[in-house]
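Take the sequence shown: its letters are residues 1 to 1278, numbered as in the UniProt record's numbering.
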Amino acid sequence: MFIKRCWLLCCFIVFLLPVSAQEFITLNWQELSSAQTLPVVTRELPLGNDFRSFTYQVEIEFPEYQKLSRSEVVALEMRLDSLCQLPNENVAFREGLPASPQINSFTKISAHHGFLSISFVPVVFREGSYQRLNSFKLSVKSYPKKDGIGEGTATRGSETTLTRASLKDCTTSLLASGRWTKIGVRNTGVFKITNAELKKMGFSRPEKVRVFGYGGYLLSQRFNEHPAADLPEVPLLRLSDGVLFYGRGTVSWKLSSDNTYFVRERNFYSDEGYYFLTDREDIPEMEVEVLSSLKEPSANRLTTFNSYALHEKEVYSWASTGRQLYEDYDYATGNTKNYTLSLPGIVPEDSVWLTTVFAARSIGASTYYSVAVNGKARGNATLASISSDNQYYTRATSASISTSWLGTESENTVVTVTHIRPSGTSGRLDYIALNYIRSLTLNAPYLTFRSLASINKETTFVLSGATASTVVWDVTDPANICRMEGSFAGDTYTFTIPAGKLREFVAITPEASGFDTVETVGNIANQNLHSLGATDMIIISPDRKDLMTQAERLAQAHREKDGLSVLVLAAPQIYNEFSSGTPDGTAYRRLMKMLYDRFPNKAESPKYLLFFGDCSYDNRMLTSSWKNYRPENFLLSYQSETSLEETSSYVTDDYFGFLDDGEGENLSDAMLDIGIGRFPVRTAAEAKATVDKTIAYMENKHAGPWKHTVCYVGDDGDGRLHMSQSEILASYTERNYPSFLVERIYADAFRRESSATGETYPDATKRLLQLFDKGMLVVNYTGHGSTSAWAEENLLNMGDITKMTSPRLPLWITATCDFTRFDDIQTSAGEQAFLNAKGGAIALLTTSRVVYAAQNSILNQAFLRHIFSRPEGKRLRLGDVMRLSKCDASLATDKNKLNFSLIGDPALTLAYPDYQIQVDEFAGVNVAEETNTYPQVKAGSKITVKGRILTPEGALAEDFTGTVHPTVLDSKEEVTTLDNRGEGAYTYTERSKTLFSGSDSVRQGRFEFTFPVPLDINYSDEEGLLSLYALDAVHSNEAGGAFDRFLVGGTDDDVSLADTLGPKITIYLNAPDFSSGGQTNTTPLFVAELEDADGINTVGNGIGHDLSLSIDGSAVSTYNLNDYYTPVAGDYTRGTVHFSVPELTEGKHILSFRAWDLLNNSSTKTLEFEVVRGLRPGLFSVTCTQSPARESTTFILSHNRPGSTLSVRMSVYDFAGREMWTHMEKGISEGQTYYVEWDLCSNGGQRLAPGVYLYRASIVSDGSRESTKSQKIIILSQ
């Protein structure tokens, strides 16, 4: 398996300035050496409500500089050289550094708030030397804008715009009442619906039917170019046997940049445009505007117009990314193909413009393709070769041929495309477009026409082939189609228009036959999204009951637990009102724009958008991979134009959150206004599992000290780069949030093994999986990756993720390539982590495409700053974390950020403690106040700690009763990695030794505990760390804190080494009655009960002093169980180990378990057992919590398969033997009980009548035979 290597570009170390404007600032240069290129100072200043009325000038005053040292100069010049090697012509400082900092500043808007973003490089070249800026005064001055523009003025990446169609002011949709039938059109033209067809649709009076909508053209990404706020009426020509109307399909033609020809634009969301029919009579009658022809004919008299033809067949994607699809014919099978295009009415010897686009994949050698028209060569183009280094990123290269010539009389034009290439080289056509001059003759039922010669010129159009009944419509604006008045003489219809923009017309002969026909979609229910009030969160789902039900469960959880207003909408509802019924991703954005503009104050403005459904890069599902799926079962994805380059193509949900006027074109400059997340669920089971996980997390069902662990994982690729980037994050966490226990898994710190399948780090993987099982608050990975694994060495892969079963779910942050490619047909590893019903991730801040290491590091640092920040004293929700991170000044124009998405609930908050823990007394010393007295922690001593729980406001939490979990860490020590790759070792410091981990009680907000100190300490006389986590008895409040004002070193004078006995050990598998030689399933639960008066050593600081389980003496099957030990609360002498053994082979085995006390005495216990696949599980009993039951009950199944996957079936029968209710599920119980809830309703949802019923439980594990138990339950009336 090849794993893509992330490209490296320049990296910026960001120095945040925690000051307001007009203050002196001193820069912190301690991390300059860790920058990969030039450091950048960034600052964001909040602006007032009237910021649009001002311009801002930023200056540096009173600068103080310091010359760089010789080593710093060498490092700086290397960084400048690396910048010069970059291909971007706009790279700053290519010619060297300026004599004073060059300030870049601009205003930006996010969530209605204005900010002034400031950045500059604080290194200069002055007075003949490189110098750094140490301190300065940042001066920001504002000036009223001279033009007086206020609301709507420009911000970065946008321009002054006014949305023509004011969504916020349209509060009632036409679809809110009456009968409505949806119809589809596949092309642009004039459509006829007969009276018979209208009656078949259910309209008894066809003469009353009206048409509304604007069809299927791709909606502009600019709000000011959108059609009407609601569905505009379409004028009709009413005939005796039906109606005619002008409809737009999904291919539009737009002017080229030089206004010389037309370029096709295809709606990449849909192949069909839609309209709506109604017979409502309460809607005011449409008055079709009649445009009068100018009285005098123009000298610019046109008898021809600009027409076009297109050949495009879309069935193939080179890279499974982007909007562009290619034809099915592969030029590897033959290098020439003919295409016939019809050019009706072509004017002889007038100009013809040809455009073709072709793509090919050729490694190491260029190819070229040529085009001939009717046998005459018309051009050729070179298709660049793909280097071997880039073959995994560049899927193909493309080239276009654009040429023109004088036309011929042939209306059937044959275009021949030839690919000159080495044998077997793939090549595919994108499209062929022909622009030509056509005679303005109406020789069909209708004719659409326009002319470039009319732009900015008074023009007379002379239409031949007309009849006395010919009608001409101006269809330039789909929301305002007008009738063009003219004069008829002979067979000529003539009209004159004033000078102005390009206009589009359609001429119609009503009595003709052969008009286009529509497709009847069906009746739609009334809806009125335009009436929506203030809503905190919108959830969009495919119109599927199984998904909508789960989305509504999640919405209700947020309403009840968070007080949020949440609305669940089916995607077609949004299309109906915001894109004329045509699937178009911009409809999602228009909905959010309406709410955003309607409720500009913070309290009422929309804050979160959740896409509850999977999506595809192929929105229309035309490719072979997707053709068997139905688009309506998925949501839409926003894809980049780039479709061949993995490094520049992207899928992003950010587009739907750019809601300010003027945003939407340059996405890298735009600022998110809402938090956006996605549940990439395809099935009801996936939807239920992910909602179950999310609600359980919201309810804090699995709270515990695991939520104080944050893990940073660093790849060893590219030298020390990724480990150093991880270390920046780890060190930041330790400095700013010392209560968190920071785990480092840097690949090069572990032994690397080689095999026929490649290199691996088995010990690193084992440790990582142990942490996942134990639980973590956050796991943060930096390095190479793919859709199936972390790192080339498979630090973590799809198989590992699929097997995860811990309900203690971390937030995953993955700064790596492709890990969560959520728009691909194959489920990516990141998606699997989220979809895993038994474990994995609660959410991911993750990547969907190839990303760049340097920019990843910047965004990762921004994530970390916001995840643990508490603006206004409240934790940020994940959507806000993502939004604020991407709006960070250091990422102002970074396109790389578009490849990061939130997989998970944007309204979910990371569940770390709100309450604080304060240590009052440590080892007999009052430490409540800052003092210079540092207590000493000595080997063999026993330390007593006293403290209290504080509310977020700092008061004693007297109502807090629960458990405190202290963890004592030794002093920091230097760690040097193993240099497995020979690219240089990496050195860092960490607290690698745990001296104690236990638990004790908290009563009325106060606690006291004593811990023993093992003999294996650092003896450094340097600072240790006490990390504290507390949880109240009802899991409603958590507390965290840290204390580090103590020293670790020396030996206690009273330590006694007389004890030579190890701990007392009792071990069994699955259940206490298991005896040696017994049978067990393939994944048994190992349990060890330990006791020792001196305490159990669970820190493993001494060599081999770990709690260790070995199976059959195999090193591969030897496990460190330190993390699986749970001490008895308040008693460090006793505790239990619970460990789910990985899958074992059938047959006989022997296990050996070894434990140590704190005086380094050990004991060993062995156990023989036989593994039997499909062994029937023991179901000891089944009971229920309520019987008699009035509202609900919970069934409790007692079994001997803790830690194993169980298939559970619960059934309820009446005494006639009829099954009233049945429920099946799969799950894992950590202990020996499994719970199933029942609402006392039947399978059909009706409440069971009062009476006595029989319930039956059955369980199956690992394909075994089932075990069953039955009992009675009494149901009372409500």
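Note that CB positions come from ideal geometry on N, CA and C, so glycine has one too. A quick note: this is a predicted structure, and the numbers were derived from the prediction, not measured.
(request) Give me the Cβ distance between D1044 and E1023, rounded to the nearest whole Å; I'm assuming they're in contact under 8 angstroms. (result) 5 angstroms
(message) When you compare the region 1069–1081 with the region 730–743, are there three or more beta-carbon pairs, one atom per stretch, that lie closer than 8 angstroms?
(response) no
(request) Check whether the Cβ atoms of D1000 and V968 lie closer than 7 angstroms to each other. (result) no
(message) Taking 6 angstroms as the limit between beta carbons, can you name the residues of its chain near E727, skipping five residues before and five after?
(response) Y988
(request) Please determine if the region 272–284 and the region 415–430 are in contact, where contact requires at least 3 C-beta pairs separated by less than 8 angstroms. (result) no
(request) Go through its chain and collect everything with a Cβ distance to G783's Cβ below 7 angstroms, but skip five positions before and after it. (result) G714, D715, G717, H722, W790, A791 and T816
(message) So, at 8 angstroms on beta carbons, what are the nonlocal neighbours of S668 in its own chain, with the 5 sequence-adjacent residues on each side left out?
(response) G157, T893, D894, K895, K897 and L898
(request) Determine which residues share a DSSP beta bridge with Q131 and list them. (result) K67 and V124
(message) Within the continuous beta strand (DSSP E) that includes I574, where are the two ends?
(response) Segment A571 to F578 is the alpha helix (DSSP H) holding I574; no beta strand (DSSP E) there.
(message) Please report the straight-line C-alpha distance between N797 and K774, rounded to a whole angstrom.
(response) 18 angstroms
(request) Can you say whether S630 is buried or exposed, counting buried as having 16 or more other CB atoms within 10 angstroms of its CB? (result) Here residue 630 turns out to be Arg, not Ser, going by the sequence shown. Residue environment analysis places R630 among the exposed positions, since fewer than 16 neighbouring C-beta atoms fall within 10 angstroms of its C-beta.
(message) Can you tell me whether L610 is helix, strand or coil according to DSSP?
(response) Note: L610 maps to strand in three-state DSSP.
(request) Report the partner residues of C1241 according to the DSSP bridge assignment. (result) R1247
(message) Can you give me the C-alpha to C-alpha distance between V475 and N456, rounded to a whole angstrom?
(response) 18 angstroms
(request) Please check if any C-beta of chain C sits within less than 7 angstroms of the C-beta of G1024. (result) Structure shown: chain C not included; a single protein chain is present.
(request) Count the other CB atoms, across all protein chains shown, that sit within 10 Å of the CB of G150; report buried if there are 16 or more and exposed otherwise. (result) Bear in mind that the predicted position of G150 carries a pLDDT of just 39, short of 50, making it unreliable; the figure below should be weighed with that in mind. Under this definition G150 is an exposed residue.
(message) With DSSP as the reference, identify every bridge partner of I1228, one or two as the case may be.
(response) T1205
(message) Give me, in chain order, the residues of the same chain whose beta-carbon lies closer than 8 angstroms to that of V123; leave out the 5 immediate sequence neighbours on both sides.
(response) L38, P39, L68, L76, L97, Y130, Q131, R132 and L133, listed in sequence order.
(request) Starting from S1198, follow its DSSP beta bridges and name the residues at the other end. (result) S1181 and T1233
(request) Less than 8 angstroms between the CB atoms is what I'm expecting for F996 and I1065, so what's the real figure, rounded? (result) Wrong, their Cβ atoms sit about 20 angstroms apart, outside the cutoff.
(request) Leaving aside the five residues before and after L547 along the sequence, list all residues of the same chain whose C-beta is less than 8 angstroms from its C-beta, in chain order. (result) S541, F612, G613, V681, A684 and A687
(request) Mind reading off the beta-carbon distance from N1160 to P1177? Whole number of angstroms is fine, and I expect it under 8 angstroms. (result) Incorrect: roughly 40 angstroms between the Cβ atoms, too far for contact.
(message) Please list the terminal residues of the continuous beta strand (DSSP E) segment that includes H965.
(response) It spans G962 to L969 - the beta strand (DSSP E) in which H965 sits, taken as one unbroken run.
(request) Could you tell me which of S1207, W1238, Y1234 and D1239 sits nearest to E1225, measuring between CA atoms? (result) S1207
(message) Please return the same chain residues whose Cβ sits closer than 7 angstroms to the Cβ of G904, not counting the five positions on each side in sequence.
(response) Hits under 7 angstroms: G677, F834, I842, A843, L844 and L878.
(request) Please state if the CB of S1187 and the CB of I1259 are separated by a distance shorter than 7 angstroms. (result) no
(request) For A696, I'd like the list of residues in its chain whose CB is within less than 6 angstroms of its CB, leaving aside the five on either flank, ordered along the chain. (result) none
(message) Going by DSSP in three states, Y915 sits in which element: helix, strand or coil?
(response) strand
(request) Determine the burial state of T163: buried for a count of at least 16 other Cβ atoms within 10 Å of its Cβ, exposed for fewer. (result) Here T163 scores only 39 on pLDDT, less than 50, and its place in the model is too uncertain to base an answer on.
(message) Give me the residue from L1167, R1190, T355 and T403 with the minimum Cα distance to A309.
(response) Answer by Cα proximity: T355.
(message) Just to confirm before moving on: does the CB-CB distance between R280 and G213 stay below 7 angstroms?
(response) no
(message) Below 8 angstroms, how does it come out for the region 248–261 and the region 193–211: are there three or more Cβ pairs, yes or no?
(response) no
(message) Helix, strand or coil for R865? Go by DSSP, reduced to three states.
(response) helix
(request) In the DSSP assignment, find the unbroken beta strand (DSSP E) run with D1000 in it and report its ends. (result) D1000 to R1003
(message) If I follow the unbroken beta strand (DSSP E) through Q1271, where does it start and stop?
(response) Run containing Q1271: S1267 to I1275, per the beta strand (DSSP E) assignment.
(message) Between L429, E127, T765 and R43, which has its C-alpha nearest I103's C-alpha?
(response) R43
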